[in-house]
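Novice:
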Amino acid sequence: MANRLSGQQLYRWSLHSLDGQPLLSSAGLELALDGSLDDASEANIILVCGGYSVKRYCDKALLEGLRKVAKRKIPMGAICTGSYALAAAGLLDGYRCTIHWENLDSFEEEFPEVDLQKTVFTMDGNRFTAAGGVSPIDLMLSIISKDISQDAANWVADQMIYNSARTEKDGQRLSIPTRIGVRHPK
Numbered sequence: 150m151a152n153r154l155s156g157q158q159l160y161r162w163s164l165h166s167l168d169g170q171p172l173l174s175s176a177g178l179e180l181a182l183d184g185s186l187d188d189a190s191e192a193n194i195i196l197v198c199g200g201y202s203v204k205r206y207c208d209k210a211l212l213e214g215l216r217k218v219a220k221r222k223i224p225m226g227a228i229c230t231g232s233y234a235l236a237a238a239g240l241l242d243g244y245r246c247t248i249h250w251e252n253l254d255s256f257e258e259e260f261p262e263v264d265l266q267k268t269v270f271t272m273d274g275n276r277f278t279a280a281g282g283v284s285p286i287d288l289m290l291s292i293i294s295k296d297i298s299q300d301a302a303n304w305v306a307d308q309m310i311y312n313s314a315r316t317e318k319d320g321q322r323l324s325i326p327t328r329i330g331v332r333h334p335k
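In the numbering used here, the protein residues as written are 150 to 335.
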């Protein structure tokens, strides 16, 4: 959408796996890829997408691959449980980050050296994390706002029919009164 607004290619995305082989998402969708992580040499940001049972996929090869990418000084981030993979690789130590609310408690216990936030997304230096669901939209709108302008981010949100962009300060879950449907007019 930002490309459409500007009339030029400001952003592009590609999908990569550790070895370049197609992946099966946790929702059962097979993803055709653009190559391996080594092929992502022109990337400006690398985002690790997580899903269900993320621990099962955080083997030695993946963690070493993520550390290898980090040595290239490319800003890195994660979506949903992808934060677990970055933390397991030691790439979130000392950074603020977030993860899906279902994983907050276990993540905090396993990675005390990470400054865990219960927000929809975080941006801390060269680390970006989004809690999952639609929160990556909020993260991307924030990036567009910083890269281009707030007007551009607003235009993109309008085009996506996304009328309530959230900030780094917004929490992940509905308030308890909203969740259980209790509101008193006073």
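We put the beta carbon where it would ideally sit given N, CA and C, even for glycine.
Treat the numbers as computed from the prediction; the structure is a model and nothing was measured.
Measuring CB atoms only, is the stretch 190-209 touching the stretch 226-239, in the sense that at least three cross pairs come out at less than 8 Å?
Specialist: Verdict: yes, contact present.
Novice: Assign LEU167 to one of three DSSP states: helix, strand, or coil.
Specialist: LEU167: coil per DSSP, three-state reduction.
Novice: Taking the straight line between their C-alpha atoms, what separation do you get for ILE228 and GLY177?
Specialist: Straight-line Cα distance between these residues: approximately 18 Å.
Novice: Would you list the one or two residues that DSSP bridges to PHE270?
Specialist: BP columns for PHE270 point to ALA279.
Novice: What does DSSP give as the partner residues of LEU196 in its beta bridges?
Specialist: According to DSSP, which records beta bridges pairwise, LEU196 is partnered with GLY226.
Novice: Whole angstroms is fine: what's the gap from GLY214's alpha carbon to LEU167's?
Specialist: Between GLY214 and LEU167, the C-alpha separation is close to 7 Å.
Novice: To which residues does DSSP link SER232 through a beta bridge?
Specialist: Answer is none; SER232 lacks a bridge partner.
Novice: Please state whether DSSP places GLY184 in a helix, a strand or coil.
Specialist: Strand at GLY184.
Novice: Could you please give me the residues that DSSP links to ARG245 through a beta bridge?
Specialist: Answer by DSSP bridge pairing, in chain order: ASP264.
Novice: Nearest-angstrom Cα distance between GLU259 and GLY239?
Specialist: Roughly 12 Å between the two C-alpha positions.
Novice: Any idea what DSSP makes of GLU257, helix, strand or coil?
Specialist: The answer is helix: DSSP assigns GLU257 an H, G or I state.
Novice: Please say whether GLY199 and THR230 have beta carbons closer to each other than 8 Å?
Specialist: Yes.
Novice: Is the number of C-beta pairs between the stretch 301-311 and the stretch 242-249 that are closer than 8 Å three or more?
Specialist: Touching, no, given that fewer than three Cβ pairs across the two stretches are closer than 8 Å.
Novice: Can you say whether ASP287 is buried or exposed, counting buried as having 16 or more other CB atoms within 10 angstroms of its CB?
Specialist: So ASP287 counts as buried.
Novice: Confirm, please, whether the CB-CB distance from LEU241 to VAL263 is below 8 Å.
Specialist: For VAL263 and LEU241, yes; Cβs fall inside 8 Å.
Novice: For GLU251, which three-state DSSP category applies?
Specialist: DSSP places GLU251 in helix when its eight states are reduced to three.
Novice: How big is the Cα-Cα spacing for ARG338 and VAL283?
Specialist: Because the chain here runs from 150 to 335, residue 338 falls outside it and cannot be looked at.
Novice: Per DSSP, which residues does GLU179 bridge with? Please list them.
Specialist: GLU179 pairs with LEU173.
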